[in-house]
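*Asks:* My questions will all concern the structure given below.
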Amino acid sequence: MDTSDSEHFESADEEFNSDTEDKNVKTKTISDTSETLKLKEMTISEESINVSNVKEVSTVNVVSNDNSCHDLKRKNVKPVVRNPTADKSDKRSKPGKLKLGVKLGTKITSTSCNAIKCDDVEDSKLKSNYDNKTSSSSKTNIDDNHKTCISALKDIKNEENLQKLDKREEIVLDEESNMWADDEWEPISSTDNKLTNKETNETNKTVQNNFSSGWGGWGNWDVTSLLSTATMGVTTITNHVSQGLTTVLESGIGVPDPEELARLNKMEGKSKESIEVDEEEEEKKEVDSKNNKSGVPDLTFGLGSFVSGVSQITKLVESTGNKVISSGLDTLETIGKKTMEVLQEGDPGLKKKRAFLKIDADKPVLSHILREAKEKAEQENRLAEEKHVSKKANYETLFDDHQGLAHLEALEMLSRQCDIKLKTLLESHSGADLIEMQETLSQIKELCELTDEDEDEKEELDESEIKEKIETAVTELNVSISYNKLMSTWKDISHWLENLDLNLYSAAQLHEESINILAQLTAVAVELFHKTGELLLIKEHRSTVDEADSLVQLTTTMTTLISDIAKKASNKLNEKATQSGSKDNVNQFITNVYFEATNSSSYIKNAFELLIPVLQVGAV
Amino acid sequence: MVEPIFDYQFRLILIGDSTVGKSSLLKYFTDGKFAELSDPTVGVDFFARLIEVKDGTRIKLQLWDTAGQERFRSITKSYYRNSVGALLVYDICNRASFEHIPLWMAEAKRHIEPHRPVFALVGCKLDLVSNGGHREVSKEEAKAFADQNGLYHVETSARKGTNVEEAFRSVTQEVYNRIQTGEYKVEDGWDGIKTGFTRPNGLDFNLVEAEPAKSSCC
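Given below as structure tokens:
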């Protein structure tokens, strides 16, 4: 594509971005690479400076205790630089961190004064409490984590806080949408921003915008839940780990890899610290005013006050505090990883669990099964190819090649839609009406019961008889559809089989061709059923009984055709066997042909069953 | 007969008024043939083709050819959801078909939500214009509409094969670009994008996904 093309699409992107929902943004964020995560960590720290600025303004009156402030000023540069995430993060982000430390030194004066109110003794208590909890939780069995998952969810439902969260989110969201609208920034081109954001304030803001939208969800969530936990004292870290996991699972955004999760946990840990420390202050007011002034999300506040919170810890507390933080975060990381491992055990990518949470998997979807089988076979084929072994004929792949899978899938969509329609109809009825309707539905179902009769019909199929049977059935359907394709495909196949020159084909090739023609005929059958379903749905005057009758007729005719083809194909394989003398090998082929023929018949019957709701919708 | 290897499968849908040439466009794209006469599509038909994007990644396009006829409208809209790209097709020599494009686009957006597909505006029957036919939609007008809505625009002829390849290629490339940037991804329960399970580097997608759990043991 040339540049002008991509321009078109870019402008489309912008338009879309402007109405992006919070969910989308979240999803996007989770999938971000670890590199962007690192970038964001940096941004967080830089944002905290901005918050400190705001604090400077709002708490000028406290800046009287000069001595202690200066004393702390020197020490407080450390904790931020020694922030564990910073230590582990990419080398490129380090210069930023160092700069940050220097900047921080100048800004810290006022903020530390602000925080000095907090009682040091109580602070250290909190710290040691935190330490105990973390170390004990690290020993806790991971199974306990699952249990705490549930209790943690309950804990978090502090209604007041939730309401506040909603309000705040609204504010943040409003700001976001405005920012997105006139923003050229693209969330993914983070590497560019990484460079520029250090240089200019403007770009810094842009990144913040991204931050607030991308991480706002997490941030808001964090602080609210943390406020509630803070009031209850220091609850266990495991709660937070499991909350993190639950949110991930619930929002169905896919599973972030443990490293990412660990990082998130670290951030939680950080903001948690800050809130504990600042607990006694009238923090809520400050939160609101700061948010309004700076337009930075709550997480930023968390980190900003983290800086100020940490800054008022005395020399002694500081050193132990740092240990506590880093070891606590390591523990968090461990717990996070372990939990993910246990969750993913025997369930890579959490696919099963996600499916379990999302859909009521009461009945498997046929096209999915077929697709899975196809994919599996393709993989096997690839492996076989690598070993220079000839490819095996795979029914599902061939069925897809003939567009059978696509038609089946589309038919499933139709069927599902009709099911939904029926369910809503049933819900709207009551009493006698409801019973009547249910009876009608079950009557139709009875009409559609297939009988396993002419399965072992031995005589040769009469072509004209079959043709007549199909034509009568189609007339009864009373829709403008022709089943000629079915007849012609069957005729072509039969013709090909009858006039086959056995010398031109090996047994394996013959086997492959047999599977192919079975798949082809089945695909045609499914296609016709799909088309019939579509036409029935838009038909003006429905005659359900006739329709059911003729569809039953068509289904049995189709399965007869399938078994006819299977018989002919296996006869040919038998001939080939007597010709070449390799009986064992060919027997296996013949079994396989019959096996796939049975499969074909059951696919056709399944497709027919998918039509039942279509018939039912016509009757009520 | 076994399918060639592909890395991704994209599902694209073609929408637009009846008789604008959706099926002919697809037939040329998948078969390289043009049929002078063709029956109106019933409900939806399927086509498939393998295509390579710029970096050599192989994409299997599953193409959903919807019926344009009004009477199928209620049915076809249920097919929209699983598409990652939509080609809005109009007839250059049929003014009304172009005027309906905004409606088609709104309809598609609504049904594909929350996913945001790649759209392209495709004019058909270009050969009729050069053959003395009467053009009812100017290239400039269509282009202006496309620019306004951030669409790729192209005028094609399925009879001569003009720009047919380009129309599909541009949408495919754009979908692929959005995968590269992380905007689109493979999701459970959504069939717009699927990974081919036969990756050339020999890595199964499932294994890749499960890997972090194994390696993070401490």
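Chains A and B are the protein sequences, given in the same order.
The first sequence: position 380 = 380 (UniProt numbering), numbered continuously.
The second sequence: position 25 = 25 (UniProt numbering), numbered continuously.
Glycine is no exception: its CB is placed at the ideal position from the N, C-alpha and C atoms.
1. Could you list which residues in chain A have their beta carbon closer than 9 angstroms to that of Arg71/B, in chain order?
2. Excluding five sequence neighbours on each side, which residues of the same chain lie with their C-beta closer than 8 angstroms to the C-beta of Ile101/B?
3. Just list the residues that DSSP pairs Trp64/B with in beta bridges.
4. In whole angstroms, what separates the C-alpha of Lys125/B from that of Arg135/B?
5. Against chain B, with Cβ distances strictly below 9 angstroms, would Glu378/A count as a contact?
6. Would a C-beta distance cut-off of 9 angstroms place Leu611/A and Gly533/A closer than the cut-off?
7. Going along chain A in order, which residues have a C-beta closer than 7 angstroms to the C-beta of Gly16/B?
8. Where are the alpha helix (DSSP H) runs, 4 residues long or more, that stay fully inside the stretch 469 to 525 of chain A, in chain order?
9. Can you round the beta-carbon distance between Tyr176/B and Val53/B to whole angstroms, since I take them to be within the 8 angstroms contact cut?
10. Helix or strand or just coil, what does DSSP make of Thr544/A?
11. Please list the partners that residue 219/B has in chain A, where partner means a Cβ-to-Cβ separation under 7 angstroms.
12. Run through DSSP, which three-state label would Ser582/A get?
13. Going by DSSP, what residues sit across from Glu165/B in a beta bridge?
14. Within the continuous beta strand (DSSP E) that includes Cys418/A, where are the two ends?
15. Taking the straight line between their C-alpha atoms, what separation do you get for Glu540/A and Tyr603/A?
16. Taking buried to mean at least 16 other C-beta atoms within 10 Å of its own C-beta, is Leu103/B buried or exposed?
17. Spatial neighbours of Arg438/A within its chain, please: CB distance less than 6 angstroms, with the 5 preceding and 5 following residues excluded, ordered by chain position.
18. CB-CB under 8 angstroms to Asn592/A, same chain, minus the five flanking residues each way: which ones, in chain order?
19. Between Leu477/A, Leu450/A, Gly431/A, which lies nearest to Thr559/A when the distance is taken from Cα to Cα?
20. Provide the residue span of the alpha helix (DSSP H) that contains Thr397/A, from first to last.
21. Looking only at its chain, what residues have a beta carbon closer than 8 angstroms to the beta carbon of Val620/A, apart from the 5 residues adjacent to it on each side?
22. Below 8 angstroms, how does it come out for the stretch 25 to 44 of chain B and the stretch 575 to 589 of chain A: are there three or more Cβ pairs, yes or no?
23. Hey, how far is the Cα of Phe74/B from the Cα of Ser506/A?
24. Please check if any C-beta of chain B sits within less than 9 angstroms of the C-beta of Leu435/A.
25. What whole-angstrom Cβ distance do Ile562/A and Ser601/A have, given they're in contact under 8 angstroms?
26. Exposed or buried, which one is Glu174/B when buried takes at least 16 other CB atoms within 10 Å?
27. Report all residues from its chain with a CB closer than 8 angstroms to the CB of Asp191/B; omit the five preceding and five following residues, and keep chain order.
28. Excluding the 5 residues preceding and the 5 following Val524/A in the sequence, name in chain order all residues of the same chain whose CB lies nearer than 7 angstroms to its CB.
29. From the DSSP output, in three-state form, read off Lys194/B for me.
30. Kindly list the residues whose CB is nearer than 8 angstroms to the CB of Leu434/A, restricted to its own chain and excluding five residues on each side of it in sequence; keep chain order.
31. Using the C-alpha atoms, what's the distance from Val186/B back to Thr555/A?
32. Could you tell me the boundaries of the beta strand (DSSP E) in which Gly85/B lies?
33. Give the interface partners of Ser78/B over in chain A, defined as CB-CB distance under 9 angstroms, in chain order.
34. Rounded to the nearest angstrom, what separates Met105/B and Lys605/A at their Cα positions?
35. Does any CB atom of chain B fall closer than 9 angstroms to the CB of Gly618/A?
36. Hey, is Asp191/B's beta-carbon within less than 9 angstroms of any beta-carbon in chain A?
*Replies:* The answer reads as follows:
1. Ile538
2. Gly16, Leu88, Tyr90, Leu121, Phe145
3. Ile13/B, Phe46/B
4. 10 angstroms
5. yes
6. yes
7. Ordered by position in chain A, no residue passes the 7 angstroms Cβ test against Gly16/B, which lies about 18 angstroms from the chain.
8. 484 to 498
9. 5 angstroms
10. helix
11. Residue 219/B is absent from the model: chain B starts at 1 and stops at 218.
12. coil
13. Paired residues: none, contrary to the question.
14. Taken as a continuous stretch (DSSP letters only), Cys418/A belongs to no beta strand (DSSP E), being part of the alpha helix (DSSP H) at 404 to 428.
15. 29 angstroms
16. exposed
17. According to the sequence shown, residue 438/A is Gln rather than Arg. Closer than 6 angstroms at Cβ, skipping near neighbours: no residue.
18. His511, Ile515
19. Leu450/A
20. 395 to 401
21. Leu422, Leu425, Met437, Thr440, Leu441
22. no
23. Correcting the residue identity first, residue 74/B is Ser in this sequence and not Phe. Their backbone Cα atoms lie some 50 angstroms apart in a straight line.
24. The sequence given here places Ile at residue 435/A; Leu does not occur at that position. Closer than 9 angstroms: no.
25. 5 angstroms
26. buried
27. Arg11, Asn82
28. Lys485, Leu486, Thr489
29. strand
30. Leu426
31. 36 angstroms
32. 85 to 91
33. Ala410, Met413, Leu414, Arg416, Gln417
34. 37 angstroms
35. no
36. yes
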